[in-house]
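Residue numbers (the numbering used here), protein chains in the order written: chain L, 81 to 345; chain A, 71 to 387.
Each remark here refers to the structure printed beneath this line.
Here you go:
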C-alpha cells in the first residue's frame, strides 16, 4: 500500500536528516516506527504527508509510492485527499472551534452531504464517547486526552486509507495511553484503516503493531515483526527499560556505545 | 452643551458607522485567514466604487443602477482574486512584514491606476435614496418641555441597514457553511488545515474576493452619501482604527469598532460655545472629527493591547 524506497531528506539544502529510509505498510496493517528524539521519525511522516514542503525540507533521493502512485512533490492537501491523513504531533486542534466543528473540518474536502457527515460524526462518537458529551465545547479547553481523541477523530472523518499517527501518547497518563491505543487498534480492525504509528513509548506501540522499524540518526537500524523485536535484547534495554532482575550490572557489560555502533553499521 | 441634540448626533453617528463596520470587516477577514494587514483595502474600495460609477454613468456604460452594482461587484471579486494570485501567492513563506509592506505598495499602484483610468475629477455618484424627504423619529423623552425629534436622512438609514444586513449575512456564512468553516480553520493554523485536506490557497483567494466585494459595497454606501472622488480611499482609512479598536481577529469587534467610531465622530459635534471649558476648546473638539477615532484608539490600545474583542489566546498550562 505504502512503499518508501530509500529516501533521503535534506532541510534548507544543507541539513541531511534522513539518510536512506525504506519501509512498507501493507493494507490493514499497524506498523510502528520507534526511535529516540531527533532520530527522524516525524520527518519521515512529514515526507509522506508532504508537510515537509512547508518547512523547507525536500526529498532529494528515493521515492514514496502510495497505491501504485508516486507522491513526488504533491501538495499536502492533495496527499490528504488521496487517502493519507497525518495526525500531527502535539494535538494540533483548531482551538477556537468547537469539538464538532473540529471533527467536521476533517470531512470538508470530501464534499459530503450534511447527512453523511452526521453519520460519520456518530461513528466517531462511538469510538470516543466522551466527545459526544463535549461536542459543543470550545476544543481548546478540553483535557489532553480529550484533545487527542478530537485529532484522531478528525482524521477518521476523512475516511482515510492510511493514518499517520505522530506520538499519540505524549503527555498522557498511562491509563489514558492504554485507552487511546485500544481505540487505535479498534479503528484499524473495524474501519480497516492502515496505521503508521510513530512512538517513543515502545512498550505500547509494540503491543498493537504487527511490524516495527527502529530508527536512529536518520537510518533504520532494525526491523521485523513486533513480537520478535520485543524479545530483542537491545530493544529491551534501550526502549523497554528491561534488564535481568536481581543481577548487578557493571557499566562495562552494558557496552552501550558499542552496541549502538553495531546497529549503525 | 446642547443636550437636546445629543440623541440626534448619537444616532446619526452610529448610522454613519455602519459602512465603516462593513469596510473594517473586510480587513479583519483577510487578517484572520492569512495574518496580512491589507493596506490596499482603501484602494480596492475606490476601484470598486469607481467602476460602479463607470458602469452606471452616461459617460461610461450607462447601465441601469442595479446592473451596474452587480457588474462592479464582479470586478471587485476578480480584483481580489487577482491580487491574491499575482502578488501574494508568490510571496508565501516570505516574512510577514514584507508582505504587509507589499500591500502598502499595492495600494499606491492601484491608486495610480485609478487616476490613469478615471482621472481626478469629482464624480456625481448616483443617489439611491430620496434626499428631500427625511425620516422623523419622535423619541419618548422631553427636553425643556420640547419633545425630542430625531431627523434622519433616508440615505443614512438605508446605508446603515444594508451594511448591517451584509455583516449578518457574512457572519451566517462563516458560522454555518462548510466554506466558512474551512476559512475559520485556516485562520487558526495553516499547517493543520492542510493536513486535513483544506486547500488553503483557495481559502486565501476566497477571502480576498469577499474582502473586495464588501469593500465595494462599503464604498458605494459611502459614496451615495458624500460623493465620489479619489479621496474615498482616504475616507476608508477610518476603518483602520475601527479594526484595531475591535481587535484584529474579531468579527463582532470590527462591527462594534465601526459603530463606536461613528458614534464618537457624531458626538464631537456636540459642544457649543457655552461648553464648560470655554468656546475655544469647544471649537477644537468640533473640529476633531478626523482625529478623534485615533485618540480613542490610542487610549483603548494602552489599556487593552489586543483591542476590545481581540481573540483570547487559549493557553492550557
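Beta carbons are placed, not taken as given, at the ideal position from N, Cα and C, and that holds for glycine.
As the structure is a computational prediction, the values presented were derived from the model and not from experiment.
For residue 96(L), count the other beta carbons within 10 Å of its own beta carbon; 16 or more makes it buried, fewer makes it exposed. Which is it?
exposed
For residue 222(A): DSSP bridge partner residues
205(A)
Beta carbon proximity, residue 156(L) to chain A, threshold 9 Å
yes
Can you give the Cα-Cα distance for residue 191(L) and residue 161(L), rounded to whole angstroms?
11 Å
Would you say residue 256(L) and residue 225(L) are within 9 Å of each other, going by their C-beta atoms?
yes
Check whether chain A comes within 9 Å of residue 307(L), counting only Cβ atoms and requiring the distance to be less than that.
no
Could you name each continuous alpha helix (DSSP H) segment of 4 residues or more that falls completely within the segment 122-177 of chain L, going from the start of the chain to the end?
156-161
Which residues of chain L have a Cβ atom closer than 7 Å to the Cβ of residue 255(A), listed in chain order?
174, 177, 185
Closer than 8 Å by C-beta to residue 210(L): which residues in its own chain qualify, once you throw out the five before and the five after it? Chain order, please.
226, 229
Alpha carbon to alpha carbon, how far is residue 86(A) from residue 249(L)? Give it in angstroms, no decimals.
55 Å
Any beta carbon from chain A within less than 9 Å of residue 138(L)'s own beta carbon?
no
Closer than 7 Å, Cβ to Cβ, to anything on chain A: give me those residues from the segment 183-216 of chain L, in chain order.
184, 185, 186, 188, 189
To which residues of the same chain is residue 298(L) closer than 6 Å at the C-beta, ignoring the five residues directly before and after it?
97, 98, 99, 120
Could you name the residues of the same chain whose beta carbon sits closer than 7 Å to that of residue 206(A), not counting the 5 residues immediately before and after it, in chain order?
219, 221
If we count Cβ pairs, one from each stretch, closer than 8 Å, do we get three or more for the segment 266-284 of chain A versus the segment 154-162 of chain A?
yes
Measuring only the C-alpha atoms, how far is residue 284(A) from residue 313(A)?
15 Å
Taking C-beta to C-beta, are residue 294(L) and residue 115(L) nearer than 9 Å?
yes
What's the C-alpha gap between residue 319(A) and residue 109(A)?
16 Å
At the level of alpha carbons, what is the spacing between residue 112(A) and residue 238(L)?
40 Å
Taking the alpha carbon of residue 290(L) as the reference point, which residue from 270(L), 313(L), 265(L) has its own alpha carbon closest?
265(L)
When you compare the CB of residue 299(L) with every CB in chain A, is at least one pair closer than 9 Å?
no
Going by beta carbon distance, what residues of the same chain come within less than 7 Å of residue 100(A), once the five residues before and after it are set aside?
106, 108, 277, 278, 281
Identify the continuous alpha helix (DSSP H) that holds residue 149(A) and give its terminal residues.
135-152
My understanding is that residue 377(A) touches residue 333(A), with C-beta atoms under 8 Å, so please give their C-beta distance in whole angstroms.
The pair is not a contact, with the Cβ atoms about 17 Å apart (cut-off 8 Å).
What are the residues in the segment 218-249 of chain A lying within 9 Å of chain L by C-beta distance?
248, 249
Burial state of residue 221(L) (16 or more Cβ within 10 Å):
exposed
Less than 9 Å between CB atoms is the rule here; does residue 269(A) satisfy it with respect to chain L?
yes
What in chain A is Cβ-close to residue 160(L), meaning under 9 Å?
264, 265, 266, 267, 268
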